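See below for the structure under consideration.
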Amino acid sequence: MQLIIGNKNYSSWSLRPWLLMEHFSLAFEERQLWLFTAQMKEEMQRFSPSLKVPVLVDNGLTIWDSLAICEYLNDQYLEGKGWPQAVADKALARSICAEMHAGFFAVREEMPMNVRRAIAPITLSEQAMSEITRIIAIFSQCLDAHPEGDYLFGEFSIADAFFMPIVIRFSIYQIEVPRSVEQYLDRMLNLPAYKTWQADAMAEKAVIEVAEV
Ligand SMILES: N[C@@H](CCC(=O)N[C@@H](CS)C(=O)NCC(=O)O)C(=O)O
1 MQLIIGNKNY SSWSLRPWLL MEHFSLAFEE RQLWLFTAQM KEEMQRFSPS
51 LKVPVLVDNG LTIWDSLAIC EYLNDQYLEG KGWPQAVADK ALARSICAEM
101 HAGFFAVREE MPMNVRRAIA PITLSEQAMS EITRIIAIFS QCLDAHPEGD
151 YLFGEFSIAD AFFMPIVIRF SIYQIEVPRS VEQYLDRMLN LPAYKTWQAD
201 AMAEKAVIEV AEV
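Quick look at the structure:
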């Protein structure tokens, strides 16, 4: 399997399937392209018409889009363990991933993922603040319902991988959260798979100016 990703410092969409694969120790080759460069545009023509990362290539199959990749990995390699097992939990996990995938535009716009960023607060719009309130409500709802485990649905799932870039944003932009959410953020930031990603991101030299806020 080959996973094509962007800069580890900035590419929040790439992080999602990568974290899932790394956490579950799936064997894959990583191919990194530098975002917004001529090299990326040129090389991406070969992999995906969307010209966006991440892209998974497996057995002659090309899958683009982070959610589609996670679903494929769940079906093909994780025997369904990528999602929570209870039907109600799985439905909720899929709902929050879809909400993440298709929304929270102000948070994404105003708080770019930037692993290397020095931790410091920023001024946010009302829209971003209300999205943050909604995300905290999602975290609290899931964590309160699963006090037995360390993750949103007890066991690690695609939902945690999907919200990892938010965890990083909350950390680097010093977003205030309730204690139980703070403990969850700490656990995610100390996840061995994330530590590997973080070390690689720290070592990168490329700077994308618009993402430096
Ligand atoms: N919905 C897509 C979004 C992918 C996406 O926007 N990727 C960004 C990097 S994080 C990208 O490739 N940008 C390059 C470009 O827009 O030229 C997914 O979930 O995979």
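Under the numbering used here, residues 1 to 213 are what the sequence shown spells out, in order.
We put the CB at the ideal spot given by N, CA and C, even for glycine.
As the structure is a prediction and not an experimental result, all values here were calculated from the model.
query, result
"Can you tell me which of the three DSSP states Q2 falls into?", "strand"
"Taking only heavy atoms of ligand 1 into account, decide whether any of them is closer than 6 Å to the Cβ of W13.", "yes"
"Does the beta-carbon distance from A193 to E22 come in below 7 Å?", "yes"
"Could you have a look at W34 and say whether DSSP puts it in helix, strand or coil?", "coil"
"From the DSSP output, read off the bridge partner residues of D144.", "None; D144 has no bridge partner."
"Which residues in the same chain have their Cβ closer than 6 Å to the Cβ of I208, if we skip the five residues on either side of it in sequence?", "Y10"
"Shorter than 6 Å, the distance from the beta carbon of K52 to the closest heavy atom of ligand 1, or not?", "yes"
"Can you list, in chain order, the residues of its chain with a C-beta nearer than 6 Å to that of A128? Leave out the 5 residues immediately preceding and following it.", "A106, V107 and E110"
"Using DSSP with H/G/I as helix, E/B as strand and the rest coil, what is T62?", "strand"
"In the DSSP assignment, find the unbroken alpha helix (DSSP H) run with A98 in it and report its ends.", "V87 to A102"
"Whose C-alpha, out of T196, F162 and E204, is nearest the C-alpha of D65?", "F162"
"Can you give me the start and stop residues for the alpha helix (DSSP H) that Y194 sits inside?", "P192 to A203"
"Report the three-state DSSP secondary structure of F156 (helix, strand or coil).", "coil"
"For a test of your reading of the model: does the CB of S66 fall under 6 Å from any non-hydrogen atom of ligand 1? Yes or no.", "yes"
"Spell out the partners DSSP gives E29 in its beta bridges.", "Q2"
"Quick one: grab the DSSP three-state call for Y77.", "coil"
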